[in-house]
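So the sequence lines, in the order shown, correspond to chains A and B.
Note that the working numbering gives residue 49 to position 40 of the first sequence, counting from 1, and the numbers run on in steps of one.
Note that the working numbering gives residue 88 to position 79 of the second sequence, counting from 1, and the numbers run on in steps of one.
Some notes on the structure that comes next.
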Amino acid sequence: MPINSIISLLLGGFAAGIFGGLLGLGGGALLVPFLVFFFDIPMHQAIATSIIGVIATSSAGAVMNLERKTVHIRLGMILEIASVAGAIFGGITANYLSSGTLEKLFSGLLFVTSIIMILRARKHNVKDTVYTDGYLPASFYDETGKKKINYTVKNIPSVMLVSVIAGNVSGLLGVGGGIFKVPAMHILSGIPIKAATATSNFMIGVTAAASAFIYFAHGHLNPFIASLAALGVLAGSMTGVHISGRIQSKTLTWIFAVVLLGISVQLFLR
Amino acid sequence: MTDNFLLSNNLKYKTEYWISRILRICVWISGSLMTAGLFLGISFPSTVIQFLENPTPANIAGRLFSGSFDSSTLMFAGLLFLMCTPIFRVITAIAGFIAERDWRFVFVTGIVLVLLAGEIVYSLFIK
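See below:
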């Protein structure tokens, strides 16, 4: 492999990881189009590589989030039952679909993702609504507000339903699915956004692992490409989580949403 | 945040602490294996062998334990280790819940583990 391809793959993974770490996403939304457009990699192989990237993002981010105690492990495990089941179904289905169909589906996913991101960016300054009369009480120390946040979880079945869909999309298209899970946990269950983002980041690795072995068994994993992208993503997500407190995430969300919208159109017209 | 912080708050035996430790170790091991494989592959392209047309965890582990530290084997080993990282975190969570005697969540997390194990068996041995 030429040295410029090696550097490009590392940088592409790094960029996907840094955006993932900053915005609490898996990074797959950026990594898959990057691999398809710049390296002309078949869609199944790009998805397999992205799933490895999602596991890397989740593993690197979860270390820091667990130490900050923002992850709600118990809720994560309940939702994981639905999410993993969805991912297994998605991973199996993907192997029966053509590259072209997956590209069109991915284009649709990016369109929906960018719209959700724009809606979230517009509501960025809305305060958390925390319930104290739900299930699974938990707490964490909010370093920005300098106070302890106590909260409980409501509407678990509704969030489980969203988790099935998120898991299915993850297994089918190689993304983390956090774009669906974070708003569901925040809006439906009343979990503070920091806890929702951290719990989603913790979950996406387990969800991705559920479909990773399916892609591996079908021979879609190129060790050279996947290793380069994974190392880039690992470094990027660690940097992203580290600098997330110092970056204006609202501006970043807008830029990312517009970029995804552009990629969505380009992928659809391909 | 350091281990001292966690210890000073008497959280040593908390599930979060152990999962974060396991994750950190797994990320380092898989990252090191992939880096070593890439370094070998780039420095000595002849070590990139194409034997792994249809790789399985068994033949990758077999080659690793027989001392075949070629580029492809190391990269695949790193990737497989990374893929197993979420499974290790589920197992650690079960151990943590057992230590906390929270049997309800031992059961819940056990279901996640059974689903993952079933999927791996299906992918690697049945499909």
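In this text, a Cβ means the ideal position worked out from N, Cα and C, and glycines have one as well.
As the structure is a computational prediction, the values presented were derived from the model and not from experiment.
Discussion item. Closer than 7 Å between beta carbons: that is the criterion. Which residues of the region 84–96 of chain B meet it against chain A?
Written reply: From the region 84–96 of chain B, only 84, 85, 87, 88, 91, 92, 94, 95, 96 have a Cβ closer than 7 Å to chain A.
Item to complete: Mind listing the chain B neighbours of residue 75/A? Cutoff is C-beta to C-beta under 7 Å, in chain order.
Response: Going along chain B in sequence order, the residues near residue 75/A (Cβ under 7 Å) are 25, 28, 29.
Worksheet item: Between the C-alpha atoms of residue 120/A and residue 24/B, what's the straight-line distance to the nearest angstrom?
Response: Between residue 120/A and residue 24/B, the C-alpha separation is close to 38 Å.
Practice prompt. Given a cut-off of 9 Å, decide if residue 64/A and residue 92/B are closer than it, judged by their beta-carbon atoms.
Written response: Yes.
Worksheet item: Just the Cα atoms here: how many angstroms apart are residue 124/A and residue 74/B?
Response: Rounded to whole angstroms, residue 124/A to residue 74/B spans 50 Å at the Cα level.
Item to complete: Measure the C-alpha to C-alpha separation of residue 155/A and residue 149/A and round it to an integer number of angstroms.
Response: Rounded to the nearest angstrom, the gap between the Cα atoms of residue 155/A and residue 149/A is 11 Å.
Worksheet item: Quick one: Cα of residue 57/A to Cα of residue 33/B, how far?
Response: Annotation: residue 57/A to residue 33/B spans about 23 Å, alpha carbon to alpha carbon.
Discussion item. Please give me, in chain order, every unbroken run of the alpha helix (DSSP H) with length at least 4 that falls completely inside the region 70–134 of chain B.
Written reply: Secondary structure remark: continuous alpha helix (DSSP H) runs of at least 4 residues inside the region 70–134 of chain B, in chain order: 80–108, 112–130.
Fill in: residue 106/A, DSSP secondary structure in three states
If DSSP states are grouped into helix, strand and coil, residue 106/A belongs with coil.
Worksheet item: Just the Cα atoms here: how many angstroms apart are residue 122/A and residue 144/A?
Response: When rounded, the distance between both Cα atoms is 29 Å.
Worksheet item: By Cβ distance, which residues of its chain are closer than 7 Å to residue 115/A, with the 5 residues on each side in sequence left out?
Response: These residues qualify, in order along the chain: 41, 182, 276.
Item to complete: Indicate whether residue 81/B and residue 46/B have their beta-carbon atoms separated by less than 9 Å.
Response: Annotated as proximal: residue 81/B and residue 46/B, with beta-carbon spacing under 9 Å.
Worksheet item: Less than 9 Å separating the beta-carbons of residue 209/A and residue 191/A?
Response: With contacts defined as CB atoms closer than 9 Å, residue 209/A and residue 191/A qualify as a contacting pair.
Discussion item. Below 8 Å on C-beta distance, what does residue 76/B contact in chain A?
Written reply: For residue 76/B, there are no C-beta contacts with chain A under 8 Å, since the nearest C-beta of that chain is about 19 Å from it.
Discussion item. Here's a check: name, in chain order, each residue in its chain whose Cβ is nearer than 6 Å to the Cβ of residue 211/A, leaving out the five neighbours to either side.
Written reply: When the five nearest sequence neighbours on each side are left out, the beta carbons in the same chain lying within less than 6 Å of the beta carbon of residue 211/A are those of 71, 80, 85, in order along the chain.
Item to complete: For residue 162/A, collect the residues of the same chain with a Cβ closer than 7 Å to its Cβ; drop the 5 residues on either side in sequence, then sort them by chain order.
Response: Within the same chain, Cβ atoms closer than 7 Å to the Cβ of residue 162/A are found at 84, 143, 144, 145, 198, 200, the five residues on either side in sequence being excluded.
Fill in: Collapsed DSSP secondary structure at residue 158/A in the structure displayed
Here residue 158/A carries a strand assignment [DSSP, helix/strand/coil].
Discussion item. Check whether the region 239–248 of chain A and the region 22–30 of chain A touch, using three or more Cβ-Cβ pairs below 8 Å as the test.
Written reply: By the Cβ criterion, the region 239–248 of chain A is in contact with the region 22–30 of chain A, since at least three pairs of Cβ atoms, one from each stretch, lie closer than 8 Å.
Item to complete: Determine the direct distance from the alpha carbon of residue 108/A to that of residue 207/A, and round the result to whole angstroms.
Response: Residue 207/A and residue 108/A: Cα-Cα distance of roughly 32 Å.
Practice prompt. Let me know if residue 251/A comes out buried or exposed under the rule of 16 or more other beta-carbons within 10 Å of its beta-carbon.
Written response: Its Cβ having fewer than 16 others within 10 Å, residue 251/A is exposed.
Worksheet entry | Beta-carbon proximity check, residue 89/B vs residue 66/B, cutoff 9 Å | Result yes, Cβ atoms of residue 89/B and residue 66/B sit closer than 9 Å.
Practice prompt. From the DSSP output, in three-state form, read off residue 10/B for me.
Written response: Only weak support is given to the placement of residue 10/B: the predicted model assigns it a pLDDT of 43, under 50, and the value that follows is read from those uncertain coordinates. It is coil, neither helix nor strand.
Fill in: Chain-ordered chain A contacts of residue 73/B [CB-CB under 7 Å]
Correct list: empty, because the minimum Cβ distance to chain A is about 13 Å.
Practice prompt. Assign residue 129/A to one of two classes, buried (16 or more other C-beta atoms within 10 Å of its C-beta) or exposed (fewer than that).
Written response: Burial is judged here by how many other beta carbons sit within 10 angstroms of a residue's own beta carbon; residue 129/A has at least 16 and is buried.
Fill in: Option nearest residue 85/B by Cα separation, candidates 239/A, 172/A, 53/A, 266/A
Distance check between residue 85/B and each of 239/A, 172/A, 53/A, 266/A places 239/A closest, using alpha-carbon atoms only.
Item to complete: Give me the Cβ distance between residue 9/A and residue 67/A, rounded to the nearest whole Å; I'm assuming they're in contact under 8 Å.
Response: Because chain A in this structure spans residues 10 to 279, residue 9/A falls outside the shown range and cannot be described.
Worksheet entry | Residue range of the unbroken beta strand (DSSP E) whose run includes residue 147/A | First-last of the beta strand (DSSP E) with residue 147/A: 144–151.
Discussion item. On a Cα-Cα basis, can you pick out the residue from 164/A, 268/A, 152/A that is closest to residue 38/A?
Written reply: For the residues 164/A, 268/A, 152/A, the minimum Cα distance to residue 38/A belongs to 268/A.
Discussion item. For residue 153/A, count the other beta carbons within 10 Å of its own beta carbon; 16 or more makes it buried, fewer makes it exposed. Which is it?
Written reply: Exposed, because fewer than 16 other Cβ atoms sit within 10 Å of the Cβ of residue 153/A.
Worksheet item: Could you give the distance in angstroms between the alpha-carbon of residue 157/A and the alpha-carbon of residue 87/B?
Response: When rounded, the distance between both Cα atoms is 39 Å.
Worksheet item: My guess is that residue 27/B and residue 94/B are in contact by the Cβ rule of under 8 Å, so how many angstroms apart are they, rounded?
Response: Not a contact, Cβ separation roughly 14 Å.
Worksheet item: In whole angstroms, what separates the C-alpha of residue 100/A from that of residue 36/B?
Response: In this structure, the alpha-carbon of residue 100/A lies about 24 Å from that of residue 36/B.
Practice prompt. Let me know the secondary structure DSSP gives residue 224/A once reduced to three states.
Written response: In the structure shown, residue 224/A sits in a helix (DSSP, three-state: H, G or I).
Discussion item. Between the alpha carbons of residue 98/B and residue 29/B, how many angstroms are there, rounded?
Written reply: Their backbone Cα atoms lie some 8 Å apart in a straight line.
Practice prompt. Scan the region 17–101 of chain A and note each continuous alpha helix (DSSP H) run of 4 residues or more that stays entirely inside, going in chain order.
Written response: Runs of the alpha helix (DSSP H) lying entirely within the region 17–101 of chain A, each at least 4 residues long, are 37–48, 52–76 in chain order.
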